[in-house]
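Chains Y and V, in that order, are what the protein sequence lines are.
Each residue of the first sequence is one higher than the last, beginning at 28 in the working numbering.
Each residue of the second sequence is one higher than the last, beginning at -13 in the working numbering.
Here the structure is laid out as structure tokens; the discussion comes afterwards.
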Amino acid sequence: MVPLTAITPTPLDPQALVRALDTTGIGAVTTFIGLVRDHNLGRRVLHLEYEAYEALAVRGLDVIVTEAAAQWPTVRLAIHHRIGRMEIGEASVAIAAAAPHRGDAFAAARYAIERIKQIVPIWKHEYFEGGDVWIEGATADLDNTEARDQALRIACA
Amino acid sequence: MRVNVRLFARLRDIAGTGELTREAPSGATVGAVWAGLVAEYPDLSPYEKSISCAINADYSRFTVAVADGDEVAFLPPVSGG
Chain Y
28 MVPLTAITPT PLDPQALVRA LDTTGIGAVT TFIGLVRDHN LGRRVLHLEY
78 EAYEALAVRG LDVIVTEAAA QWPTVRLAIH HRIGRMEIGE ASVAIAAAAP
128 HRGDAFAAAR YAIERIKQIV PIWKHEYFEG GDVWIEGATA DLDNTEARDQ
178 ALRIACA
Chain V
-13 MRVNVRLFAR LRDIAGTGEL TREAPSGATV GAVWAGLVAE YPDLSPYEKS
37 ISCAINADYS RFTVAVADGD EVAFLPPVSG G
């Protein structure tokens, strides 16, 4: 049984996420797969190492599923994030969103990836040509409604 | 009382460990635990304004009081995806 939300050290299988969704009444499924990119801020990236506070990260993914369900009641979401060392081109995150119509599926998937970057305690350690650096993005704050509204605006653009 | 502190990413690098146990006075808040760590590891201080925190693997706030045996985590800005 594939869980709807997971933090895992093993390679991601987007099709398994799709199969995990209940597709009763569903007319559209969209998947988003985030890959390790070979460049960042002008640096040549060699590989990434992802670290997570696993127990809280799973909780964060569950929060996103709950938020999306409140916004798009007919949408079903599955989100898996990988941790550990990943090479260029490997999938670090996979999201599957199912809905009766495509608009909500696309919107919910976009919302999920934006919220992951805002609130889920996962960190990228970038190893690039000439050094390494921890990437630091957003302060994980569930009370920050401005951030949440921003994710919603991006999702619905 | 004793609290178990978890540190991640750059915070873990600064402290040299991701798990510490520290004494805290009864009624101490998460913020007080953080202040104790900053006194011990001054290089943590620039993170004062950008970190968030968790108690027992649930999102929390710096004003919340910790209890004996709690796991208190400090989270630098996140970068998943």
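Quick reminder that beta carbons are idealized off the backbone N, C-alpha and C, glycines included.
Source: prediction; values computed, not measured.
The DSSP-derived three-state label of Y/T172 is helix. In the structure shown, the three-state DSSP call for V/Y27 is coil.
Here DSSP, grouped into helix, strand and coil, assigns Y/K144 to helix. Contact annotation for V/G55 against chain Y: no contact, minimum CB-CB distance about 16 Å [criterion: below 7 Å].
For Y/G61, the three-state secondary structure derived from DSSP is strand.
Contact check for Y/A167 and Y/I146: beta-carbon distance about 5 Å, within the 8 Å limit, so the pair qualifies.
Along the segment 53 to 79 of chain Y, going in chain order, the ones with a CB nearer than 8 Å to a CB of chain V are G61, Y77, E78, A79.
Across the structure, Y/I162 and Y/F155 are spaced so that their CA atoms are roughly 12 Å apart.
For the pair of segments examined, the segment 36 to 48 of chain Y was found not to touch the segment 80 to 96 of chain Y: the number of CB pairs separated by less than 8 Å stays below three.
Chain Y has no Cβ within less than 8 Å of the Cβ of V/F48.
Scanning Y/I140, Y/E153, Y/G157 for the CA closest to the CA of Y/A174 turns up Y/I140. One thing to note: Y/V29 has its Cβ no nearer than 8 Å to the Cβ of Y/A132. About 7 Å separates the Cβ atoms of V/P62 and Y/W150, confirming a contact at the 8 Å cut-off. Y/R86 is bridged by DSSP to nothing; it lacks a bridge partner. For Y/Y138, DSSP records no beta bridge to any residue. Taking 8 Å as the upper bound on Cβ-Cβ separation, chain Y lies near no residue of the segment 9 to 25 of chain V. Y/L31 carries a coil assignment under DSSP once its states are collapsed to helix, strand and coil. Here DSSP, grouped into helix, strand and coil, assigns Y/I110 to coil.
The residue from V/F48, V/R(-4), V/L30 with its alpha-carbon nearest to that of V/G13 is V/F48. For Y/V160, the uninterrupted beta strand (DSSP E) run begins and ends at 158 to 162, by DSSP. Rounded to the nearest angstrom, the gap between the Cα atoms of Y/Y80 and Y/G157 is 28 Å. Per the coordinates, the alpha-carbon of V/V64 lies some 5 Å from the alpha-carbon of Y/G164.
Counted as a single uninterrupted DSSP element, the stretch harbouring V/R47 is not any beta strand (DSSP E), since DSSP gives it neither H nor E.
At a beta-carbon threshold of 8 Å, the residues of chain Y lying near V/D44 are L83, R86, ordered along the chain.
Neighbours of Y/A167 across chain V, judged by C-beta separation under 8 Å: S38, Y45, L61, P63, V64.
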